[in-house]
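What follows is one structure encoded as structure tokens, with my remarks underneath.
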Ligand SMILES: Cc1ncc(C[n+]2csc(CCOP(=O)(O)OP(=O)(O)O)c2C)c(N)n1
Ligand code: SF4
């Protein structure tokens, strides 16, 4: 596949100027994600940050189980594949034996907030010097749209066809708020991928999270509100609006924990 490069015809100096191109850390392959799925945007942002920080040769990702199970095919960095929910435990081991490497997990809400709840809480409270990119799309995407811990009250899924009943299933977990309350976490924020401005803010947060790790400050997580148009039964454009109108009110964007040392970075 040809690298999509859009360049201005000529700058004033007569030298061609590249204004947009594929990040080096992003593999030159098609992904398997559905049209309108923002997993792809999250991948691109991570790759851009890896390039910008010049850490491609020393970054190790840990892929989850879920729609991002093939993440290791999409980045030009070393990757490991964890069993469902176990990415923080695997990342802990990798980081402890390779402390000079930048280690990140990439996890969906089923992976991180259901089967992997214990791993993420304990990694955060131990203050492991790793970074987690948490993709919250309020549903189990890969397995055809069952209720996740993050499914909104009243949200219809294949396992809650009449909408999530909080009397029966409890309330959705707000993971950023929960992890921010732990002493070991250093940088915990929530961002969204629903429009260009939000995407830029997400990119800045991912960069800060990696810088937190490079400075040895401890556990960092960026939660990204993400779309699943396929299982939400919406078009890609409707799905972006659904994040804005339904997810953000329940999952407010913001900085939930930023250590003083992080502010000085
Ligand atoms: C031990 C184990 N239990 C259950 C599954 C089935 N399973 C695969 S992906 C998944 C949920 C993934 O949802 P999420 O983490 O939200 O990611 P998404 O697909 O939405 O990106 C489940 C339950 C599994 N693969 N392994
Ligand atoms: S099922 Fe949902 S989360 Fe999975 S790739 Fe498709 S849109 Fe994305």
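Residue numbers (this note's numbering): 46 to 310. Just so it is clear, CB atoms sit at the ideal spot from N, CA and C, and this is done for glycine as well.
task = Report yes if the C-beta distance between residue 176 and residue 119 is below 9 Å; otherwise report no.
result = Not closer than 9 Å, so no.
key: Limits of the alpha helix (DSSP H) - the one that residue 308 falls within   = Counting along the chain, the alpha helix (DSSP H) containing residue 308 begins and ends at 305 to 308.
key: Where residue 89 sits in the DSSP three-state scheme   = Of the three classes helix, strand and coil, the one that applies to residue 89 here is helix, per DSSP.
query = Between residue 122 and residue 104, which are expected to be in contact by the criterion C-beta below 8 Å, what is the C-beta distance as a whole number of angstroms?
reply = 4 Å between Cβ atoms; contact.
ask   = Below 8 Å, can you find three or more Cβ-Cβ pairs linking the stretch 186 to 195 to the stretch 136 to 148?
value = In short, these stretches do not touch, since the Cβ pair count stays below three.
ask   = If you drop the 5 nearest sequence neighbours on each side, which residues of the same chain put their C-beta closer than 6 Å to that of residue 274?
value = These residues qualify, in order along the chain: 81, 281 and 284.
message = Any heavy atom of ligand 2 inside 8 Å of the beta-carbon of residue 78?
response = Under cutoff, so the answer is yes.
inquiry  = Tell me whether residue 146, by its Cβ, gets closer than 8 Å to a heavy atom of ligand 2.
reply    = Checking the Cβ of residue 146 against ligand 2 gives no.
ask   = CB-CB under 6 Å to residue 205, same chain, minus the five flanking residues each way: which ones, in chain order?
value = Contacts found: 192.
inquiry  = If you measure between the beta carbons of residue 258 and residue 174, is that distance less than 9 Å?
reply    = The answer is yes: Cβ separation under 9 Å.
query = Residues in its own chain within less than 6 Å of residue 159 by CB, not counting five upstream and five downstream?
reply = Exclusion of the five residues before and after residue 159 leaves 194 as the residues of its chain whose Cβ lies within less than 6 Å of its Cβ.
ask   = Is residue 108 near residue 125, with beta carbons less than 9 Å apart?
value = Contact: yes.
Backbone CA spacing between residue 297 and residue 59 [nearest angstrom] = Residue 297 and residue 59: Cα-Cα distance of roughly 47 Å.
query = Leaving out the 5 sequence neighbours to the left and right, which residues in its chain are closer than 7 Å to residue 300 when beta-carbon positions are compared?
reply = So the qualifying residues of the chain are 234.
query = With a Cβ-Cβ cutoff of 9 Å, do residue 231 and residue 237 count as a contact?
reply = Cβ distance not < 9 Å, so residue 231 and residue 237 don't count as in contact.
message = Let me check understanding here. Comparing Cα to Cα, which of 249, 131 and 136 lies closest to residue 93?
response = When each option's Cα is compared against that of residue 93, the closest is 249.
task = Pull up the distance between the alpha-carbon of residue 241 and that of residue 213, whole angstroms please.
result = Taking the straight line from one Cα to the other gives about 37 Å.
message = Let me make sure I understand the geometry here. Which of 202, 89 and 245 has the alpha-carbon closest to that of residue 72?
response = Measuring C-alpha to C-alpha distances from residue 72 to each of 202, 89 and 245 identifies 89 as the nearest.
query = Looking at residue 84 and residue 265, is the spacing between their C-beta atoms short of 9 Å?
reply = Residue 265 places its beta carbon 9 Å or farther from that of residue 84.
key: Assigned secondary structure, residue 174 (DSSP; H/G/I helix, E/B strand, else coil)   = Correct three-state label for residue 174: coil.
key: Beta bridge counterpart(s) of residue 150 as assigned by DSSP   = Answer is 107 and 177.
request  = Confirm, please, whether the CB-CB distance from residue 184 to residue 245 is below 9 Å.
outcome  = Cβ distance not < 9 Å, so residue 245 and residue 184 don't count as in contact.
query = Hey, how far is the Cα of residue 290 from the Cα of residue 79?
reply = If you take the alpha carbons of residue 290 and residue 79, they lie about 22 Å apart.
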